[in-house]
Structures are given as C-alpha cells and as structure tokens.
C-alpha cells in the first residue's frame, strides 16, 4: 500500500483480496493477472511492485488448498505481538534492557510451550502433505513426523 495513494486503498485492497478468494491455483494466477491489468495504467508503481513480487505473493499456491489460509495468514504473529504488548503495557516502565528481554523471553517461551504441547497451527497431517509438495513421494508422513507424533 506504500506505492498506492490513500484514496485508492479500498479499491486496491479489494482487488488483492479477490486473488485469495479463488478456488484453485489456475484461478488464483488468472485473477492476479487481471489485478495487474487493472493497475498497469492507473497505478504504474503498484503494478511494478506487485509484478516484481509475483512469485512471493503466489507462493502459497504450490501447497494443498486446505493449507492456503494458514500459509498466507499472519494471525499467529499478530496474536503474539498483542500478547507481548499487553504484558509490557502492564509493567509500564522497565528498569533496564535486561528486564524487558526477560519478560519478552518468558512470553515467547510460554507461547512455544503452548504450541509444542497443546495446539498446533499446522497439524502433522498438514505438514506431511506440505512436505510432499515438489517431490515424487506420495502424501504420507515421513519418519520425522512419525517421531513427532509418538
């Protein structure tokens, strides 16, 4: 959005979200092409920026469709940042740099334990499917994933 005038933000956001609403890989790529066509003459800087980032933006399409939402979403990062901000706001003023590092480190360790033990953002079945992408092996769990589930 840094290359787009504020008055055009709603229109460009709608165009970009339409890319992620497509049902399959071919449709995603076709819609991205249509977005680029719409931006080419009206917003050439945005067109150039999106065209250069095409591979990164559409990287999620090589994975199975059921993983797309988890791949393109940054909700876990936002949730973690909110929790860090909430905890640091409670303390208010830190006596030194080490104190804030200890607090944030404790929050990160707690989050790591929670993800490792209780809830996984990507389950083992999803990881095995994504690991099979780009290989000739069938979509079955590897020995490493079997060891994790044991």
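In our numbering, the protein residues as written are 3 to 152.
No residue lacks a Cβ here, since even glycine has one placed at the ideal position from N, Cα and C.
Since the structure is predicted, the reported quantities are computational estimates derived from the model, not experimental observations.
Proximity below 9 angstroms, CB of residue i to CB of residue j
i, j, result
"residue 106", "residue 86", "yes"
"residue 6", "residue 20", "no"
"residue 10", "residue 44", "yes"
"residue 34", "residue 60", "yes"
Nonlocal neighbours in the same chain, by C-beta distance under 8 angstroms from residue i, ignoring five residues either side
i, result
"residue 41", "14, 17, 48, 49 and 52"
"residue 22", "30, 70 and 74"
"residue 100", "none"
"residue 2", "No information on residue 2 is available, as it lies outside the stretch 3 to 152 that the chain covers here."
7 angstroms CB neighbourhood of residue i in its chain, flanking five on each side removed
i, result
"residue 152", "Legend: pLDDT at residue 152 = 43, less than 50; position of this residue unreliable, value from coordinates given subsequently. None."
"residue 62", "70, 73 and 74"
"residue 93", "105"
"residue 139", "Summary for residue 139: the model assigns pLDDT 49, below 50, so the residue's position carries little reliability, and this model does not support an answer."
Residues of its chain near residue i, where Cβ-Cβ distance is below 6 angstroms and the 5 sequence neighbours each way are ignored
i, result
"residue 83", "none"
"residue 90", "none"
>> Would the region 55-75 count as touching the region 90-108 if we require 3 or more Cβ pairs under 8 angstroms?
In response: Touching, no.
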